[in-house]
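**Q** So the sequence lines, in the order shown, correspond to chains A and B.
Residue numbers for the first sequence follow the working numbering, so the first one is 22 and each next one is one higher.
Residue numbers for the second sequence follow the working numbering, so the first one is 8 and each next one is one higher.
All residues carry an ideal CB built from backbone N, CA and C; glycine is no exception.
Since the model is a prediction, treat every value here as computed from it, not as a measurement.
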Amino acid sequence: MGDNKRRFVIPGEVITTGPYRPEQNVILEGKKIIATKVGISEIYDDSVKVIPLTGKYIPKSEDLVIGKIISHSSLSWEADINSCYVGMLPGSDVFGRNFQPDTDEMTSKLKKGDLIAARIVNFDRSRDPLITIADRELGKIDSGELVKISPSKVPRLIGKQGTMIQAIEMATHATITIGQNGLVVVACENPDGLLKAKKAIQMIDEQAHMANLTDKVKAMLESNSV
Amino acid sequence: MGGRDSDLVLLDENGIRCDGRKVDETRNISIKAGVLKNANGSAYIEFGDNKILAGVFGPRDVHPKHMSDTDTGIIRCRYHMSPFSVTERKNPAPSRREIEIGKVIKEALRPAVMLEKFPRTAVDVYVEVLQADGGTRCAALDAASVALADAGIPMRDMVSACAAGKVADTIILDVNNEEDQAGQADMPIGYMPNLGKVTLLQLDGVLTPAEFKKCLETGIEGCKQVYEIQKQALKDKFFANGEQ
């Protein structure tokens, strides 16, 4: 893969010294571009980035995440989004514009322990990330099994243009919801399909750094053993 | 300082030290990254007869809450010696020395870790000395640095550490326990090898300005050797089986 100069790097390693724009997980120190995480560096026409191989999920606007309600006040819910910050879900997001904290019962809509598919609306350094469930594919998750993978391996699970996840869904007829925070919900009517999809996801989590992983996953999905 | 054990020959006429090393030779060092399942990042180091385990958590919520900083993350470090790490049983309660070393390691790591990316959070570093043989603070710092990288915490550079010292009027690299007890000076150094910056510098003993300079240079050379081993440890964990 020498075309876009991929390399294994560790923190502090100098990736290049050219006139490039530093992107994710790199810093510019003088003229040197330095990696800040263990990962794979990629040099594009004008920019450099490192795809991390480890690390916690850091919220980013517009990310789809899966969260678990951990508590609520009379105004908002707090959701565990597998990060160092908790997601804030305002009551008005669920009850609509005429949300009245004194009369509307928060637990009637979402209780502690409920899973939600949410989108990060806003996150800056000064406050906890604001999340929403007011969109078509978002909201409370009623069925399925939760699988936890490393957040840094989510791109691998999705694959290039979603090829990997499509392969799994096609082979198992499961519906898979992937949160950028490393939480994945697998729903499937057929228990064998569910097991197989879970196994495939775990396999990707364990072997994310391997080459031709898509072929291996496909081979596993096509074999009859579960 | 100054010869508690008088019949011990620290440096013989051939320039060989009490454990058979040359003056500019480190002990055998091996590091393994990612040895603990429950910590976010971990590392195990064998630095000569030192055996040290480091575990890292975070960035995570700060407890107690009043310690949190709204502008930046904080780093905390606990250095602890197991009761069986030395020949006489060590009281497991944190001693004055352990609290100091925890603070020193924390301050040596802080310039490398990009804490400003995670306001209101904490990065916790736990260092457990299983067996001690002189130079534990350097070995602990090496392990902690690998554990931080393993945890995926953004860092400007790795921190590598190695001690240098003076024994029998000669500057030596990587002071062991006997040399520390009977030698003339011990200087632990923490160094960021790519940025070329020193993050830890302590000195126990007396050195002339010329000796000090030589000692620092020797120590930094040692840090660079340690860095290669740290690098290998991380590459072994993350890139061992196959290429992308």
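Which residues does DSSP list as the beta-bridge partners of residue 57 of chain B?
**A** Answer is B:54, bridged to residue 57 of chain B.
**Q** Can you find a CB in chain B that lies within less than 8 Å of the CB of residue 230 of chain A?
**A** Yes, residue 230 of chain A counts as interfacial toward chain B.
**Q** Would residue 156 of chain B count as contacting chain A if we go by Cβ distances under 8 Å?
**A** It does: the Cβ of residue 156 of chain B has a partner Cβ on chain A nearer than 8 Å.
**Q** I'd like to know whether the C-beta of residue 102 of chain A is nearer than 8 Å to at least one C-beta of chain B.
**A** For residue 102 of chain A, the answer is no, since every Cβ of chain B falls outside 8 Å of its Cβ.
**Q** Closer than 6 Å by C-beta to residue 93 of chain A: which residues in its own chain qualify, once you throw out the five before and the five after it? Chain order, please.
**A** Result list for residue 93 of chain A: 127, in chain order.
**Q** Buried or exposed: residue 234 of chain B, going by 16 or more other Cβ atoms within 10 Å of its Cβ?
**A** By the neighbour-count rule (16 or more Cβ atoms within 10 Å), residue 234 of chain B is buried.
**Q** Between the region 55 to 71 of chain A and chain B, which residues of the former have CB atoms less than 7 Å from a CB of the latter, in chain order?
**A** Taking 7 Å as the Cβ-Cβ cut-off against chain B, the residues of the region 55 to 71 of chain A that qualify are 55, 57, 58, 59 and 61.
**Q** Would residue 108 of chain A be called buried (16 or more neighbouring beta carbons within 10 Å of its own) or exposed?
**A** It is buried - the Cβ of residue 108 of chain A has at least 16 other Cβ atoms within 10 Å.
**Q** Please say whether residue 137 of chain A and residue 100 of chain A have beta carbons closer to each other than 8 Å?
**A** Yes.
**Q** Going by C-alpha to C-alpha distance, which of A:219, A:204 and A:205 sits closest to residue 211 of chain A?
**A** If we check each option's Cα against that of residue 211 of chain A, A:219 comes out closest.
**Q** Which stretch, first to last residue, makes up the beta strand (DSSP E) that contains residue 224 of chain B?
**A** It is not in any beta strand (DSSP E) - residue 224 of chain B instead sits in the alpha helix (DSSP H) that spans 216 to 246.
**Q** By the three-class DSSP mapping on this structure, what secondary structure does residue 77 of chain B have?
**A** Coil, per DSSP.
**Q** Determine, for residue 209 of chain A, whether the minimum Cβ-Cβ distance to residues of chain B falls below 8 Å.
**A** No, no contact with chain B.
**Q** Using a Cβ cut-off of 8 Å (strictly closer), state whether residue 35 of chain A contacts chain B.
**A** It does; some Cβ of chain B falls within 8 Å.
**Q** In chain B, which residues lie less than 7 Å from residue 146 of chain A when you measure between Cβ atoms?
**A** The answer, in chain order, is 126.
**Q** Just to make sure I have the definition right: I need the residues of chain B whose C-beta is within less than 8 Å of the C-beta of residue 73 of chain A. Which are they?
**A** In chain order: 159.
**Q** Closest by CA to residue 106 of chain A, which one among B:92, B:112, B:33 and B:66?
**A** Ranking the options by Cα distance to residue 106 of chain A, first place goes to B:66.
**Q** Report, in whole angstroms, the separation of the C-beta atoms of residue 165 of chain B and residue 232 of chain B, which I expect to be a contact under 8 Å.
**A** Not confirmed; about 13 Å, so no contact.
**Q** Along the chain, where does the beta strand (DSSP E) that runs through residue 89 of chain A open and close?
**A** Looking at the DSSP string, the run of the beta strand (DSSP E) that includes residue 89 of chain A is 85 to 93.
**Q** At the 8 Å Cβ level, is residue 82 of chain A part of the contact set with chain D, yes or no?
**A** Among the protein chains in the structure shown, which are A and B, there is no chain D.
**Q** List in chain order: all unbroken beta strand (DSSP E) runs of 3+ residues lying wholly within the region 97 to 181 of chain A.
**A** The qualifying runs are 97 to 101, 107 to 111, 136 to 143, 151 to 153, 160 to 162 and 166 to 169.
**Q** Within its chain, find whatever has a CB closer than 7 Å to the CB of residue 114 of chain B; leave out the 5 residues flanking it on each side and keep chain order.
**A** No residues qualify anywhere along the chain.
**Q** Give, in chain order, every unbroken run of the beta strand (DSSP E) that is at least 3 residues long and sits entirely within the region 201 to 225 of chain A.
**A** Qualifying beta strand (DSSP E) stretches, in chain order: 204 to 208.
**Q** Nearest to residue 126 of chain B by CA position, among B:75, B:133 and B:27, is which residue?
**A** Here the closest residue by C-alpha is B:75.
**Q** Work out the CA separation of residue 152 of chain A and residue 130 of chain B for me, nearest whole Å.
**A** So the alpha carbons of these two residues sit roughly 25 Å apart.
**Q** Measure from the C-beta of residue 193 of chain B to each C-beta in chain A and report whether the shortest distance is under 8 Å.
**A** It does not; no Cβ of chain A falls within 8 Å.
**Q** In angstroms, rounded to a whole number, what distance separates the CA positions of residue 170 of chain B and residue 183 of chain B?
**A** If I take the Cα positions, the gap works out to 9 Å.
**Q** I want to verify the contact list: residues of chain B whose CB lies under 9 Å from the CB of residue 46 of chain A, in sequence order.
**A** Simply 161.
**Q** Of the residues A:228, A:50 and A:78, which one's Cα is nearest the Cα of residue 200 of chain A?
**A** Among A:228, A:50 and A:78, the Cα nearest to that of residue 200 of chain A belongs to A:78.
**Q** For the region 39 to 53 of chain A against the region 93 to 109 of chain B, do three or more pairs of beta-carbon atoms, one drawn from each stretch, fall closer than 8 Å, so that the two count as touching?
**A** No, the region 39 to 53 of chain A does not touch the region 93 to 109 of chain B.
**Q** In terms of residue numbering, what span does the beta strand (DSSP E) encompassing residue 137 of chain B cover?
**A** Unbroken beta strand (DSSP E) run through residue 137 of chain B: 128 to 138.
**Q** Which residues, in chain order, does the region 60 to 77 of chain B contribute to contact with chain A at a C-beta distance below 8 Å?
**A** Of all residues in the region 60 to 77 of chain B, 65, 66, 67, 68 and 77 have a Cβ within less than 8 Å of some Cβ in chain A.
**Q** What residues of chain A sit near residue 140 of chain B, judged by a beta carbon separation below 7 Å?
**A** The premise fails here: residue 140 of chain B is roughly 27 Å from chain A at the closest Cβ pair, so nothing lies under 7 Å.
**Q** Could you please give me the residues that DSSP links to residue 81 of chain A through a beta bridge?
**A** Paired residues: none, contrary to the question.
**Q** Would you say residue 164 of chain B reaches chain A, if we count a Cβ-Cβ gap shorter than 8 Å as a contact?
**A** So yes, residue 164 of chain B belongs to the interface.
**Q** Considering only the alpha carbon of each residue, which of A:122, A:118 and A:144 lies closest to residue 102 of chain A?
**A** It is A:144 whose Cα lies nearest to the Cα of residue 102 of chain A.
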